[in-house]
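See structure below.
See the structure below:
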């Protein structure tokens with residue numbers, strides 16, 4: 001019953017006429033079905049597998065009004081899968097305890113609140129593949145994990161930050177060959193695609209993008225502008241999103257790109273360093289380890305579209321199963337705050353008003369704090385002694401009482 005209550009409202013919302021990015025998906029898929037070549041006959045701004053997810057609904061629904069519910073129902077299936085996975089992992093970890101329901105319940109509420117982005121963008125699809133990869137790694141199904149990561153990367157690119165972590169753990173386990181086979185299998189269709197589709201040209205679109213208004217740097221700059229500290233900042237509707245333009249915005253964009261690259265690499269390096277004393281075993285341990293670089297990739301990015309938070313909330317749900325709950329809970333709060341930025345009173349199309357600028361700063365502050373806390377958690381694990389590092393994170397759980405982690409196998 002709870003599962004039905006969690007899933008059905010979104011299946012109903014799939015029939016909403018709200019468009020979001022769906023007209024873009026429909027136009028590109030329809031052109032592809034008519035024989036046009038992406039990035040040759042028309043510009044396609046996403047990695048190549050994204051288009052393949054648009055095609056079924058465009059083939060079944062030859063008009064935009066018919067495409068919208070079909071694609072929405074396709075996303076509702078991915079939503080149902082994620083919620084089922086959270087329920088099953090919760091039951092596996094905590095049995096009949098009420099805590100087993102927490103990830104599912106919190107994720108369900110967040111999905112309802114985020115619905116205008118959740119079912120009107122395709123980001124739910126790569127998010128589901130990331131969750132599959134994390135659970136597969138916990139269950140030592142490395143080939144499946146590699147395949148899921150690879151498909152996620154070629155669908156939305158961001159899961160690439162998790163590949164080094166997965167490789168490092170599987171190398172310690174002695175199972176890196178299976179992971180690599182999965183990675184190769186997931187990317188193999190790119191070989192025939194490359195003969196007629198210059199899919200790699202999607203990257204040029206993102207290199208040309210400006211400072212998106214919701215990014216961390218943009219939110220600070222806009223707040224300074226509203227306080228009268230910085231002049232010459234314009235809130236502009238660019239082709240792909242709303243951006244800040246002007247000399248100050250250009251300088252912040254350049255600095256933000258460097259911070260984004262260095263911060264994402266540093267977060268991944270800390271996660272890899274934490275593997276020296278203890279490898280993640282349970283799904284929630286994988287989620288907590290993965291969230292560090294994922295959050296860094298999102299919050300430090302010069303582009304922080306609201307749907308990017310969909311990338312985080314599935315792993316945040318798993319992370320609630322053990323350890324300190326405040327960082328994953330902060331991610332859910334941040335995701336729900338994002339919905340508040342898109343009300344009529346916010347003047348999003350012309351520039352956020354004062355109270356909504358504060359709301360944006362709070363949202364970004366929560367993301368930054370949650371990311372810092374999880375990276376710090378990995379850093380402390382990196383510096384801990386073997387005895388402390390091997391201590392279970394949730395000694396009170398049934399699974400922890402039944403089985404304690406054994407010593408690590410020697411490195412190959």
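In full-length UniProt numbering, the protein residues as written are 1 to 412. Backbone N, C-alpha and C fix where the C-beta goes; we use that ideal spot for every residue, glycine too. All of these numbers come straight from a predicted model, not from anything done at the bench.
{"Asked": "Quick check: what's the CA-CA separation for residue 267 versus residue 169?", "Found": "16 Å"}
{"Asked": "In whole angstroms, what is the alpha-carbon distance linking residue 123 and residue 202?", "Found": "17 Å"}
{"Asked": "Closest to residue 316 by C-alpha separation, out of 276, 275 and 370, would be which residue?", "Found": "370"}
{"Asked": "Using the Cβ count rule (16 or more neighbours within 10 Å means buried), how would you classify residue 256?", "Found": "buried"}
{"Asked": "Can you check whether the CB of residue 233 is closer than 8 Å to the CB of residue 244?", "Found": "yes"}
{"Asked": "Alpha carbon to alpha carbon, what distance is there between residue 355 and residue 92?", "Found": "43 Å"}
{"Asked": "Under a Cβ-count criterion, where at least 16 other Cβ atoms within 10 Å of its own Cβ denotes burial, should residue 98 be classed as buried or exposed?", "Found": "exposed"}
{"Asked": "So, at 6 Å on beta carbons, what are the nonlocal neighbours of residue 133 in its own chain, with the 5 sequence-adjacent residues on each side left out?", "Found": "145, 148 and 149"}
{"Asked": "Report the option in 247, 329, 246 and 294 whose CA atom is closest to the CA atom of residue 263.", "Found": "294"}
{"Asked": "Taking the straight line between their C-alpha atoms, what separation do you get for residue 137 and residue 349?", "Found": "42 Å"}
{"Asked": "Assuming residue 291 is part of the alpha helix (DSSP H), what are its boundary residues?", "Found": "283–299"}
{"Asked": "Need the endpoints of the beta strand (DSSP E) that residue 243 sits in, please.", "Found": "242–245"}
{"Asked": "Where do the N-terminal and C-terminal ends of the beta strand (DSSP E) with residue 236 fall, by residue?", "Found": "234–237"}
{"Asked": "Within 8 Å, do at least three Cβ pairs link the segment 112–119 to the segment 9–29?", "Found": "yes"}
{"Asked": "Tell me the rounded alpha-carbon separation between residue 225 and residue 231.", "Found": "6 Å"}
{"Asked": "Assign residue 142 to one of two classes, buried (16 or more other C-beta atoms within 10 Å of its C-beta) or exposed (fewer than that).", "Found": "buried"}
{"Asked": "Please say whether residue 128 and residue 81 have beta carbons closer to each other than 8 Å?", "Found": "yes"}
{"Asked": "Per DSSP, what are the beta-bridge partners of residue 211 in this structure?", "Found": "244"}
{"Asked": "Taking all protein chains shown into account, decide if residue 33 is buried (16 or more other Cβ within 10 angstroms of its Cβ) or exposed.", "Found": "exposed"}
{"Asked": "Between residue 368 and the rest of its own chain, which residues show a CB-CB distance below 6 Å, the 5 nearest in sequence each way excluded?", "Found": "299"}
{"Asked": "Whose CA, out of 43, 228, 218 and 261, lies closest to the CA of residue 249?", "Found": "218"}
{"Asked": "Identify whether residue 38 lies in helix, strand or coil by the three-state DSSP scheme.", "Found": "strand"}
{"Asked": "Assign residue 120 to one of three DSSP states: helix, strand, or coil.", "Found": "coil"}
{"Asked": "Does residue 307 come out as helix, strand or coil in the three-state DSSP assignment?", "Found": "helix"}
{"Asked": "In three-state terms, what does DSSP make of residue 28?", "Found": "helix"}
{"Asked": "Would you mind working out which of 359, 331, 352 and 282 sits nearest residue 140, comparing C-alpha positions?", "Found": "282"}
{"Asked": "Spell out whether any CB of chain D is found under 8 Å from the CB atom of residue 42.", "Found": "Absent from the structure: chain D. Only one protein chain is present."}
{"Asked": "Exposed or buried, residue 40, counting other C-beta atoms within 10 Å across all chains shown (16 or more means buried)?", "Found": "exposed"}
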